[in-house]
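Presented below is the structure to which this report refers.
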Amino acid sequence: MLDAAGRLFPERGWTGTTVEDIARNAGVSVQTVYFTFGTKRAVLAELLDTVIAGDADPVATLDRPWARAVLAEPDPAAQLARQAAGARVVLERAAPVLEVVRGAAVADAEMAELWRTNQRQRHTVQLRFAEALVRKTGGGLRDSHDAASAADIALALLGPETYGLLVATRGWPPARWQRWAADGLTRQLLP
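The opening residue of the sequence shown carries number 1 in full-length UniProt numbering; numbering runs sequentially from there.
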């Protein structure tokens, strides 16, 4: 069912995708979708969690191997490169679904809350990375940035909005975006 939803939501959008469409494409009954998820919103929320994580395992982002490698990386520039690489892997899967949630947030209060929750979660991850970066640089980030402002910069550069603009809209290959993002983080944050 999530595979069907993962194809339909990005293709048709929030309003253009119905539970009936999901059920038909998944080869199950509408009642099965409702029994499993409860609502169309819950289908999209579960899909979002799955595409961000890359699997259905209940493991927090910061406990995933790629995030632990970012935090453990001793070299600040290499840490930023790892952050960009990790963001690329996540966004290659999740950006189309995140765009559906962002679009639905305009007209649906529950989707707006899901979007805000996702933004808070992404900021939390970037803040942990930024705190590690500050420690590795001895507090010496460019332009007197602290962990909070460094996390804000990473949130903007590594966010689905920027990725979607450059990759989906402007046609950049994901590898080019990754190099640009790592370079941007380095130029903005390291002395």
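Glycine included, each C-beta is placed from N, C-alpha and C at the ideal position.
query: Would you say L141 and L185 are within 8 Å of each other, going by their C-beta atoms?
result: no
field: the segment 99-113 contacting the segment 71-91, beta-carbon criterion three pairs below 8 Å
entry: no
field: Supposed close pair L47, L98 - CB separation, criterion 8 Å
entry: So it is not a contact: roughly 11 Å between Cβ atoms.
- request: Compare the beta carbon distance of V128 and L190 with 8 Å and say whether it is the shorter of the two.
  value: The sequence given here places Arg at residue 128; Val does not occur at that position. Their beta carbons are not under 8 Å apart, which means R128 does not touch L190 by this criterion.
message: Short of 7 Å in beta carbon distance, which residues of its chain neighbour I22, apart from the five on each side in sequence? Order them along the chain.
response: M1, A4, A5, L8, V33, V43
query: Taking C-alpha atoms, which residue in G138, S29, L62, R24 lies nearest to P74?
result: G138
- request: Answer yes or no: do A181 and A87 have a C-beta to C-beta separation smaller than 8 Å?
  value: yes
Same chain, Cβ closer than 7 Å to L155, five either side skipped, listed in chain order: R122, H123, Q126
task: Output the distance between the C-alpha atoms of E11 and S144, rounded to the nearest integer angstrom.
output: 43 Å
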